[in-house]
Amino acid sequence: MKFFIDTANLEQIKEAEALGVLDGVTTNPSLMAKEGITGEANIIQHYVDICEAVEGDVSAEVISTDYEGMIAEGEKLAALNPQIVVKLPMIKDGVKACKYFSSKGIRTNVTLVFSAGQALLAAKAGATYVSPFIGRLDDISTDGLNLIEEIRMIYDNYGFKTEILAASVRHTMHILNCAKIGADVMTGPLSAIEGLLKHPLTDSGLAKFLEDYAKGN
Ligand code: E4P
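Numbering (my numbering) for the sequence shown: -5 to 211.
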């Protein structure tokens, strides 16, 4: 299972990279704005900086909602660095653009996916990654993990190569449950990744080992 961090915060990205378990980064316009990164030139430079900070895939989202605009933007983003994965919204022109990029060998992440039907279309269009937003489904009393299960079944039925990127992950149980279901990737905040570390028996066990070691020294 790949671990992506879902942030545009460079410090957090570097911290997750330093942990040695990071496979990539996802961003979106809201995450950029949260870090105060605005304007095309600054956003482009930030993608370059993120690519320098990590070894894995970096999803960079287009802002255009029409086919021609998405192609122009996506080609510009993909040319920045081979690590870039062009992130496209799950709308009609996004599906067409996904097909275009897949025929050109440019990797894509189809985002804002909330149904199995949308995920099937993304796979048919040759998406590298499909991003079902499980947290946002949970927010409206709909089981996000159930969507991951449905997509897993559909992709396995037909051997689709598109990787299921569980997005909008909010906490450690999302990560664990996605791992049980067989999501290929999860993207979440640093707090959720670091949450996997925690266990009180580890902390008390280590404290006791150190205490006992100190007795003999
Ligand atoms: C995915 O790529 C999105 O950036 C993200 O996971 C959305 O998460 P949110 O629902 O916490 O905003």
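C-beta atoms are modelled at their ideal positions from N, C-alpha and C, and glycine is treated no differently.
- Residue burial is scored here from C-beta neighbours: Thr59 has fewer than 16 other C-beta atoms within 10 angstroms and is therefore classed as exposed.
- Counting only the Cα atoms, Asp43 lies some 36 Å from Glu144.
- Annotation for Leu13 indicates a beta carbon at 7 Å or more from all heavy atoms of the ligand E4P.
- The straight-line gap separating the alpha-carbon atoms of Ile(-1) and Gly210 is approximately 43 Å.
- For Ala201, the uninterrupted alpha helix (DSSP H) segment begins and ends at 194 to 209.
- Thr181 has its CB nearer than 7 Å to a heavy atom of the ligand E4P.
- Here Phe127 is bridged, per DSSP, to Ala161.
- For the pair Met(-5) and Ala177, the CB atoms are nearer than the 8 Å cut-off.
- Annotation for Asn103: the continuous beta strand (DSSP E) segment containing it runs 102 to 107.
- Per DSSP, Phe154 lies in no alpha helix (DSSP H) segment and is marked neither H nor E.
- The beta carbon of Tyr94 sits closer than 7 Å to those of Ile65, all from its chain and outside the five residues before and after it, given in chain order.
- For His168, the number of other beta carbons within 10 angstroms of its own is at least 16, and it is reported as buried.
- For Ser125, the CB falls within less than 7 Å of some heavy atom of the ligand E4P.
- In this structure the segment 43 to 56 touches the segment 64 to 82; the number of beta carbon pairs closer than 8 Å is three or more.
- Rounded to whole angstroms, the separation of the alpha carbons of Val89 and Ala119 is 6 Å.
- Taken atom to atom, the span from the alpha-carbon of Val107 to that of Met180 is near 14 Å.
- Judged by beta-carbon spacing, Val56 lies within the 8 Å limit of Glu67, meaning their Cβ atoms are closer than that value.
- In this chain, Glu188 is not harboured by any beta strand (DSSP E); it is covered by the alpha helix (DSSP H) spanning 184 to 189.
- Distance between Asp132 and Gly138, taken at the CA atoms: about 6 Å.
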